[in-house]
Structures are given as C-alpha cells and as structure tokens.
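Engineer:
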Amino acid sequence: LGRSQTLARGVAHSLEHMPGLGPAKEGPICVRGVTATHRPKDASPNEVMDQLARQHLDLEKSHNGLLDAHDRLRNQHESLLDQHEAERRMREDAESRLEHNQGDTDHRLQTEAKSRQADRRHLATATSAKEQLSSMVRELMKLVDEIQHKYISQTRHYEKLAKAVRSQQLGHMQEVQMATELADSQERFLHDLRQHLSKARRGNESKDWELQHAKQAMESYESQFKDLYEHHRNGAESLRDLQHKDQQRQESDCERSQREADQAYQKMVNANLRYRKLNNPNITTATTAMDAVLKGFIVKKANGVDIRTPKPMSTPNLANRHLKVIMEPDKKGVPHFFLTWAKAPYKVFSDASRCDLSRVLVIGYGWSARAPMLLPEDKTIAPERCFSVYTPRRSFDFVCESDDQVEAFILVLSRLCYRMQGWPVQGSITSHNKFLSAKGWVKVQTKCRLKHSTLTKHVLESARTFMITAVGQGLLGPMRPTPISGGPVAGS
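Each residue of the sequence shown is one higher than the one before, counting from 480 in my numbering.
#1: For Y869 and R838, I'd like the C-alpha separation in whole angstroms.
#2: Where does V839 sit, in a helix, a strand or coil, going by DSSP?
#3: Specify the secondary structure class of Q905 as computed by DSSP and reduced to three states.
#4: Between R595, S847, F828, K774, which has its C-alpha nearest D583's C-alpha?
#5: What whole-angstrom Cβ distance do V813 and V891 have, given they're in contact under 8 Å?
#6: DSSP three-state call for V868: helix, strand or coil?
#7: Give the DSSP bridge partners of V616, in chain order.
#8: Hey, K651 and L707: beta-carbon distance below 8 Å or not?
#9: DSSP three-state label for I508, please.
#10: Going straight from the alpha carbon of K639 to that of Q633, what length do you get?
#11: Where does the unbroken beta strand (DSSP E) through F817 begin, and where does it stop?
#12: What's the gap between the Cα of V1055 and the Cα of C733?
#13: Could you name the residues of the same chain whose beta carbon sits closer than 7 Å to that of H460, not counting the 5 residues immediately before and after it, in chain order?
#14: Quick test of your reading: P871 and L840, contact by CB under 8 Å. State the CB separation rounded to the nearest angstrom.
#15: Starting from L797, follow the beta strand (DSSP E) in both directions and report where the run begins and ends.
#16: Just tell me which of A750, D876, E807, Q695 has its CA closest to the CA of K780.
#17: Check this for me: beta carbons of I889 and F914, under 8 Å apart or not?
#18: With a CB to CB cut of under 6 Å and the five nearest residues on each side skipped, what residues in its chain are close to L676?
#19: In terms of alpha-carbon separation, which member of D561, E730, Q691 lies closest to Y637?
#20: Just checking my contact of H601 with D770 at CB under 8 Å: how many whole Å lie between their CB atoms?
#21: Which residue marks the beginning of the beta strand (DSSP E) containing F828, and which one marks its end?
#22: Out of K724, A743, R635, S558, state which residue places its alpha-carbon closest to the alpha-carbon of E618.
#23: Exposed or buried, S607, counting other C-beta atoms within 10 Å across all chains shown (16 or more means buried)?
#24: Keeping to the same chain, check which residues put their C-beta closer than 8 Å to that of Q952; ignore five residues upstream and five downstream.
#25: Mapping DSSP to helix, strand and coil, what is C834?
#26: Compute the distance between the beta-carbons of A848 and C834, then report whether it is under 8 Å.
#27: Sorted by chain position, which residues of the same chain lie with C-beta nearer than 6 Å to E421's C-beta, five sequence neighbours on each side aside?
#28: In whole angstroms, give me the CA-to-CA distance for L560 and N554.
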C-alpha cells in the first residue's frame with residue numbers, strides 16, 4: 480500500500496505538467512477521466528489492490544489512447560510533410576515555368592524589337608532611296624528645262640544673226656553688182672570713145688584740141704574706174720571679213736552649245752549611275768535576302784545521319800525547323816554570325832542547334848548538297864531547293880520550300896562566310912545572276928541524271944529532236960546522213 484501510494488504520488492507529480500492530465504479538486508489524479516484516489520483509512524488491502532488494479536487498467540487504457548493519439552498525430556505530421564513537399568515541388572515548378580515564360584517573353588520582346596528596328600531601317604532606306612530618286616528626277620527636269628531654254632535662245636540668236644548676215648550679203652552683192660555694171664558700162668564707153676577717137680584722128684588729125692579734150696575725159700573716166708575698182712575690192716574684203724567673223728561666231732556658239740550639251744549629258748550619266756547603284760539588283764537582292772534570313776524560314780532538316788556510334792547509316796528523316804541567322808558579339812565586341820535552328824513551337828534556339836559560320840568549309844548547293852543523295856526515292860525533294868553546310872566535324876543538310884528561300888540563304892551565307900573568314904569558301908554564290916546560272920545548271924544535271932545520260936549526249940539528243948521537229952514542220956530541208964558525230968543534219 481505504501482508503495483502504491485508512492486507510485487501514485489510520483490505519477491501525479493510527473494504528469495501534472497502534461498496536457499490532459501492533472502490533479503482533481505478533491506486531490507486525486509485525473510488522466511482523461513481516470514481517477515486515482517488515496518486509500519481511505521478504513522479500506523482493506525484487497526479493496527486497495529482491486530482499486531489499484533482498476534487504476535492500472537485505466538492507466539493502460541489511457542496509455543493506449545495516448546499511443547493511438549500519438550500515432551494519429553504522427554500520421555497527420557507525415558501527411559502534412561508530404562503535403563508540404565508537394566506544395567514545395569509545385570512552387571518550384573511554378574517558379575521554373577515563370578522563369579521559362581519570362582525568358583520566352585524577353586526573347587520575344589527582343590525579337591520584336593529587332594524586327595521593328597529592321598523595319599525602321601528598311602523604311603528609312605526606302606524613304607532615302609525615294610528621296611534621292613525624286614531629287615534626281617527634279618535635277619534632270621531642271622537640266623532638261625535649262626537645255627530647252629538655252630536651245631531656244633540659241634536658235635533665236637542664230638536666226639537673227641543669219642538674217643543680219645543675209646541682209647549684209649545681199650547689200651554687198653547689190654553693191655558689187657552695181658560696181659560691176661558700172662565698170663562694164665565704163666569699159667563700153669571707153670571702147671566706144673576709142674573708136675570715135677580713132678575715127679576722128681583718121682578723119683581730122685588737125686583737131687588736136689578735141690583729141691586733148693578726149694584724152695582728159697578718158698583720164699577722168701580711168702580715174703573713176705580705178706576708184707570704183709578700189710571700192711569694189713574694199714567691199715569684197717569687208718564681205719570676207721564679215722563672213723569670217725560670222726563663221727568664227729558660229730563655231731564659238733557651236734562649241735559652247737556642245738560643251739553645255741556635254742555637261743548636261745555628263746550630269747545625266749552621273750544621275751543614271753547613281754540610279755543604277757540605288758537600283759542594282761545584286762544590292763537590293765542581298766539586302767532583301769539578309770532581312771529575310773535574319774527573320775528566318777520554316778525549312779526541312781535531315782536528321783539521323785551524323786551519329787557518334789559507328790553503325791550502318793540508316794535512311795534519314797526530314798523534320799521541320801525554324802532556320803535563321805543570328806549575330807552575337809564576342810568579348811571584344813566583334814560580331815560573330817551563327818546559323819541556328821529550333822524545333823516546334825520554334826521558340827528555343829539552343830547552343831547545340833547552331834553552326835559557327837567562321838568554321839564553314841564548303842557550301843553545297845543543288846547536287847553538291849547531301850539531301851538529294853540521301854533521299855533519292857523522295858520525289859518531293861527538288862535538288863535546286865537543297866543546300867548543305869560542311870564543317871570540319873559534320874555537315875548540316877536543309878531542304879527549302881521555295882527558290883527565294885534557298886537563294887536568300889545561299890547569298891547571305893556566302894557573303895557572311897567571306898566577311899568572317901576573309902576568303903571566299905568553296906561553293907560560294909555571291910550574286911543573283913550567279914545563282915540563276917547555278918540553278919539552271921542544277922536543273923540540266925537533274926534532267927541528265929533522270930535519263931542516265933551525259934551532258935554531251937543530252938545536248939545531241941535535244942538537237943536531233945529539234946532538227947527532226949523542224950524538218951517535220953517544213954522549216955528546214957530534207958535530212959541527209961553525215962559521217963561526223965552520228966546524227967542527221969539538215970540540207971541547205
């Protein structure tokens with residue numbers, strides 16, 4: 480009994496600070512409805528033992544209840560931990576998605592800003608070109624007006640000068656004609672006078688005074704004749720001087736008009752040169768191609784060809800990629816250009832999906848690309864729309880959807896590789912005319928490959944077909960055999 484009381488006191492003392500446990504008002508210890516009281520003085524030992532047993536059972540029940548409550552609390556704690564872990568993972572996922580969306584938004588904003596800047600530059604270039612063209616047109620119109628006014632004024636001046644010269648010539652010619660008529664009349668008069676004098680001398684040689692008078696008259700007539708002759712010569716010299724001055728004036732006017740015409744022609748030539756520079760198809764095509772390549776196109780890329788593990792090469796597959804050219808400056812600020820591509824939804828351009836243009840060795844176009852040879856059974860692949868970029872480690876093969884797309888990439892890649900490496904790479908095509916020539920030869924080669932014939936044989940067959948068609952239509956004469964090159968030719 481003493482030990483039981485001691486145990487009860489110890490349990491009460493140890494459990495008085497625990498939640499749900501504590502002494503009752505009368506003094507006993509209460510554990511969730513279980514009461515342990517002191518033994519009254521008149522209680523028997525058996526009753527005390529029964530009471531202690533009951534208390535022990537109650538304590539075991541309360542202990543089991545406490546254990547169950549502990550288990551429930553532990554389960555709740557574990558569920559709360561799991562819920563906290565799930566919420567933490569959800570928060571991390573939300574933060575990662577937020578960072579990804581923020582990165583996509585920043586990239587999209589940068590792309591739109593670059594596109595707006597490119598559009599502004601293109602608009603400014605077009606506006607400046609239009610202004611230059613309008614200024615050149617205005618200058619040309621001014622030049623044409625000036626030339627017309629000068630031509631009209633020169634024509635009027637020339638007409639006035641010609642009228643004055645003609646009037647002077649007519650006056651001098653009239654004077655010369657009058658002098659000539661006067662000289663002829665004087666000669667006739669002198670001739671008649673000599674005849675009369677000779678008759679008078681023969682008839683009457685004694686009349687000396689008449690002869691003397693006739694001599695004086697003749698001398699006066701001779702002096703008048705000499706004066707008229709001198710006046711006629713002076714008039715002819717003045718006429719020649721006027722004609723010479725008029726010729727010199729005409730020559731100077733012609734030289735001046737020629738110089739003005741040459742200057743106007745030179746201005747028109749310079750304006751034409753400026754216009755041709757502004758509207759050069761190579762410059763405009765390269766500018767348009769650069770703008771288009773910076774924005775990018777949806778092309779097909781050959782995948783599954785360059786593998787690291789050595790095994791037999793399987794047939795590659797074509798997948799859509801957003802292909803474009805980007806520019807990134809290095810640590811020194813020098814711009815570097817890369818050919819990069821992205822998978823659907825065409826937002827992420829990773830570092831693994833790019834090609835440094837400073838390491839490009841060869842640019843293959845047409846049958847120099849690998850796509851027509853890797854997929855010979857795919858009839859949808861046109862060789863003139865394929866190109867490959869070869870580097871020291873591997874190659875990248877693309878198939879474009881149109882001729883404009885492949886021309887844009889070929890021109891821009893050729894020029895950028897030349898700019899970055901300082902030397903044109905093999906297979907470069909740097910102008911619109913060269914690309915048209917290369918595309919035509921690719922089509923000819925495609926035709927020859929389909930017929931399994933050489934270029935010479937294909938040309939001979941085409942010529943033979945043309946000659947047969949021309950003879951059948953009656954455009955040429957009958958065919959006759961020739962010992963050269965094994966084919967009929969047309970007779971003359």
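Cβ atoms here follow ideal geometry from the backbone N, Cα and C, with glycine treated the same way.
Structural biologist: Looking at the atomic coordinates:
#1: Y869 and R838: Cα-Cα distance of roughly 9 Å.
#2: coil
#3: strand
#4: F828
#5: Contact check for V813 and V891: beta-carbon distance about 19 Å, past the 8 Å limit, so the pair fails to qualify.
#6: strand
#7: The partner list for V616 (beta bridge, DSSP) is empty, contrary to what the question assumes.
#8: According to the sequence provided, residue 651 is His. The question's Lys does not apply to it. H651 places its beta carbon 8 Å or farther from that of L707.
#9: Because I508 sits at a pLDDT of 44, beneath the cut-off of 50, its placement in the model cannot be relied upon, and the point is left open.
#10: Rounded to whole angstroms, K639 and Q633 show a C-alpha spacing of 10 Å.
#11: 814-821
#12: Beyond the ends of the chain as shown, which are 480 and 971, falls residue 1055; an answer cannot be given.
#13: No statement about residue 460 is possible, as the shown extent of the chain runs from 480 to 971 and does not include it.
#14: 7 Å
#15: Counting along the chain, L797 sits inside the beta strand (DSSP E) bounded by residues 796-808.
#16: D876
#17: yes
#18: A693
#19: E730
#20: 6 Å
#21: Going by DSSP, F828 is part of no beta strand (DSSP E) at all; its letter is neither H nor E.
#22: A743
#23: exposed
#24: none
#25: strand
#26: no
#27: The question about residue 421 has no answer here: the residues shown for the chain are numbered 480 through 971.
#28: 10 Å
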